[in-house]
Amino acid sequence: MASLPSLFDLTGQRALVTGAASGLGLAIAEALLEAGAEVVLSDSDAPALDAEVQRLRKTYTKVQQRVIDVSDGAEVDRHLDVIAAAGPIDCVFANAGMSAGRGFLAEQGRLENVDPAAWEKVLQVNLTGVLTTLRAASRHMKPRRQGRIIVTSSIAGLRSEAHSGYAYVASKAAVNNVVRQAAIELAPFNILVNAIAPGPFATGINGGRLRLPESAERMRTYIPLGRIAQPHEIQGLALLLASPASSYMTGAIIPIDGGASAR
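If you're matching positions, the sequence shown starts at 146 in this note's numbering and goes up one per residue.
Spelled out as structure tokens, the structure:
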């Protein structure tokens, strides 16, 4: 039986984190680096990505970067091929995402105000982007018959949330079943597929709501712990799912929301 510390040791592992220039993706990438993994950070925002990678390189040596638009399947395939050519890909975090919402009970949260263009864009990034990342990652993991794929979903995919907007909640609900479906298909290859479902975190995607005192207070009132989470609070769960400690977990959608989904 492995020692407890070794269960969370990622030394020698290679990981890709999408949407890693800020917020939860960046926090996840830092956790993997701290655990000893070689990490490729990717994002569509090249300047922000480069700035964070340069900062991380002052502490960690095994840091790489790639500018990837996850809504472009061909681009995802191309970059995953390049990453895999340099060595096996052990873990992929499909974290990239976006929201069309703007503030509590945002315009996109009202049926009559749903913008078709915004709807398509959100689903292209949040749903199609996850699917293309899953497909590309599994293609490289199958021959080795091992791997971890972790998707960033949301508690908005588990319960209705007017402030999140129709496109966002639809994309995250769909992602949850994509994760379950992929977990079943890939289990014979020992590829574990799970999702993290965050509640409100102090990240850019929630920035508009958090800057409005009334919106921020309403968010806090439905969270039993009574506060908004900080990005680093996702790191423990992310490390668990990326590590040998989760060897019997697949198809799980795990809330990390201060108790909000328990209501």
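Even glycine gets a Cβ: it sits at the ideal position worked out from N, Cα and C.
Would DSSP call residue i helix, strand or coil?
i           : result
residue 199 : helix
residue 251 : Caution applies to residue 251, whose pLDDT of 49 falls short of 50 and renders its modelled position unreliable; the value that the coordinates give is listed next. DSSP places residue 251 in coil when its eight states are reduced to three.
residue 153 : coil
residue 372 : coil
residue 293 : strand
residue 305 : coil
residue 339 : strand
residue 188 : strand
residue 400 : strand
residue 209 : strand
residue 325 : helix
Measuring CB to CB, does residue i end up less than 8 Å from residue j?
i           : j           : result
residue 167 : residue 349 : yes
residue 285 : residue 331 : no
residue 379 : residue 172 : yes
residue 182 : residue 158 : yes
residue 305 : residue 269 : no
Buried or exposed: residue i, going by 16 or more other Cβ atoms within 10 Å of its Cβ?
i           : result
residue 203 : exposed
residue 249 : Bear in mind that a pLDDT of 42 at residue 249, under 50, signals an unreliable position, so the model cannot answer this.
residue 366 : exposed
residue 309 : buried
residue 156 : exposed
Report all residues from its chain with a CB closer than 7 Å to the CB of residue i; omit the five preceding and five following residues, and keep chain order.
i           : result
residue 293 : 235, 236, 337, 386 and 387
residue 370 : 403 and 404
residue 296 : 239, 275, 320, 324 and 340
Using C-beta distances below 6 Å, list every residue in its chain close to residue i, excluding the 5 sequence neighbours before and after it, in chain order.
i           : result
residue 397 : 339
residue 375 : 347
residue 373 : 345 and 347
residue 271 : 242 and 316
residue 160 : 177, 182, 184 and 236
residue 201 : 208
So, at 8 Å on beta carbons, what are the nonlocal neighbours of residue i in its own chain, with the 5 sequence-adjacent residues on each side left out?
i           : result
residue 197 : 165, 166, 167, 171 and 186
Between residue i and the ligand ZN, is there a pair consisting of the residue's CB and a ligand heavy atom that are separated by less than 7 Å?
i           : result
residue 168 : With respect to the ligand ZN, the structure shown offers nothing to examine, as it has no ligands at all.
Below 8 Å, can you find three or more Cβ-Cβ pairs linking the stretch 311 to 325 to the stretch 285 to 301? yes
Three Cβ pairs or more, each shorter than 8 Å: is that satisfied between the stretch 197 to 217 and the stretch 254 to 261? no
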